[in-house]
Amino acid sequence: MRNRLIGSIVVVVAVMAFSPGMLAQTPGRPGAGKAIPDLTALWEVRINPEGAPTICGEPACRAAAGLAQPRVFTRDAEEPLMLPWAEQQYKALLPPAANPDAAPRQALNPSWGGCLPESPTESMRRRAFELRQFPDVVLLLFDHDHGVRRIFMDGRGHPDHPAPTWMGHSIGKYEGEVLVVDTIGISDKAWIDFQGHPHTDALHVTERFRRLDQKSLEVQTTIDDPKTYQKPWTKTVIHYLRAPDRQIWDQTECEELLQLGTHYSAESKN
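Residue numbers (our numbering): -8 to 261.
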């Protein structure tokens, strides 16, 4: 009986040692021993807390779907102050004044016209995602084309000269109830957002994830690129808890839409 009791105690101790709660407090990790905010959930951008999920971003698409414009759920700063080259490039992407709902931007966006990945800032702006927290990494699993974003939480810094990638290199830490994410190394082929704001290899992105309540997550994004903008600028988007019966899509949206001939491309825009 005594040996059985000792064996049971050993098993309980072993399970506790490898439980997520204990791992989150492993010595040597940033914030070890401190409570961290629970951000794990399925999140999506909506028109409002009780509204339908956002299924498209452009005015024409949203009007056809009977959706309001996204100003309800975003709090944008004023148009960022760009350097001359960036302002010229950005204005070239704007729809013609005679047809403000035209969509030349989609055709020029590499993630639309060429089925290339999105930047983290564009995906966070309008995509549904599943957020999963682990001691050494936070994962963002997007429903758009199976996008995956890794945010390292193990105390590492950025590489000195990171090779540019679509998602860039992200490191994070907790500051009280906020997850702070620092990202560099985003490919300059990727757009910052759906509007086509440009950037260079000097882009530095800081995001602050904060759960406002059980059903809403605020993500504040600060864009800093001295080669493109006169000063840093910030956008804030509210994401809402996805209903339990709505899971992350198991599909490769871009390729499927191209096969159906309904995806924007440089050849199909006319």
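Just so it is clear, CB atoms sit at the ideal spot from N, CA and C, and this is done for glycine as well.
DSSP-derived helix/strand/coil call for residue i
{"i": "Lys206", "result": "coil"}
{"i": "Met144", "result": "coil"}
{"i": "Trp76", "result": "helix"}
{"i": "Ala26", "result": "coil"}
{"i": "Leu156", "result": "Rather than Leu, the amino acid found at residue 156 in this sequence is Thr. Strand."}
{"i": "Ala83", "result": "helix"}
{"i": "Glu166", "result": "strand"}
{"i": "Thr213", "result": "strand"}
{"i": "Ser161", "result": "strand"}
{"i": "Glu113", "result": "helix"}
{"i": "Ile177", "result": "strand"}
{"i": "Lys222", "result": "coil"}
{"i": "Leu131", "result": "strand"}
{"i": "Leu194", "result": "coil"}
{"i": "Phe120", "result": "strand"}
{"i": "Leu14", "result": "Note that Leu14 scores a pLDDT of 42, beneath 50, so its modelled location is shaky; the value from the coordinates is reported in the next line. Correct three-state label for Leu14: helix."}
{"i": "His230", "result": "strand"}
{"i": "Trp34", "result": "strand"}
{"i": "Gln125", "result": "Going by the sequence as given, residue 125 is Phe instead of Gln. It is coil, neither helix nor strand."}
{"i": "Phe200", "result": "strand"}
Residue i, buried or exposed, once every other Cβ within 10 Å from all chains shown has been counted against 16
{"i": "Asp287", "result": "The chain is shown from -8 up to 261; residue 287 falls before or after that span and cannot be answered."}
{"i": "Ala26", "result": "exposed"}
{"i": "Phe125", "result": "exposed"}
{"i": "Asp184", "result": "buried"}
{"i": "His152", "result": "exposed"}
{"i": "His137", "result": "exposed"}
{"i": "Pro150", "result": "exposed"}
Integer Cβ distance of residue i from residue j, believed to fall under 8 Å
{"i": "Ala193", "j": "Pro217", "result": "6 Å"}
{"i": "Val196", "j": "Thr174", "result": "4 Å"}
{"i": "Leu208", "j": "Trp34", "result": "5 Å"}
{"i": "Trp224", "j": "Pro71", "result": "4 Å"}
{"i": "Thr212", "j": "Lys222", "result": "The Cβ separation is near 15 Å, so there is no contact."}
Under 8 Å between C-beta atoms of residue i and residue j
{"i": "Ala181", "j": "Glu109", "result": "yes"}
{"i": "Met73", "j": "Tyr220", "result": "yes"}
{"i": "Arg123", "j": "Phe133", "result": "no"}
{"i": "Tyr165", "j": "Pro28", "result": "yes"}
{"i": "Ile177", "j": "Gly163", "result": "no"}
C-alpha gap between residue i and residue j, whole angstroms
{"i": "Val172", "j": "Arg199", "result": "6 Å"}
{"i": "Ile229", "j": "Ser161", "result": "21 Å"}
{"i": "Thr31", "j": "Glu121", "result": "7 Å"}
{"i": "Met144", "j": "Gln186", "result": "31 Å"}
{"i": "Asp179", "j": "Val210", "result": "22 Å"}
{"i": "Arg147", "j": "Glu168", "result": "21 Å"}
{"i": "Tyr81", "j": "Met158", "result": "21 Å"}
{"i": "Arg202", "j": "Leu130", "result": "16 Å"}
{"i": "Glu69", "j": "Leu84", "result": "18 Å"}
{"i": "Asp215", "j": "Pro75", "result": "16 Å"}
{"i": "Lys206", "j": "Glu113", "result": "22 Å"}
{"i": "Pro155", "j": "His188", "result": "18 Å"}
{"i": "Asp204", "j": "Val36", "result": "15 Å"}
{"i": "Pro21", "j": "Thr191", "result": "For Pro21, the predicted model reports a pLDDT of 48, less than 50, meaning its position is unreliable; a value from the coordinates is still stated below. The alpha-carbon atoms of Pro21 and Thr191 are separated by roughly 30 Å."}
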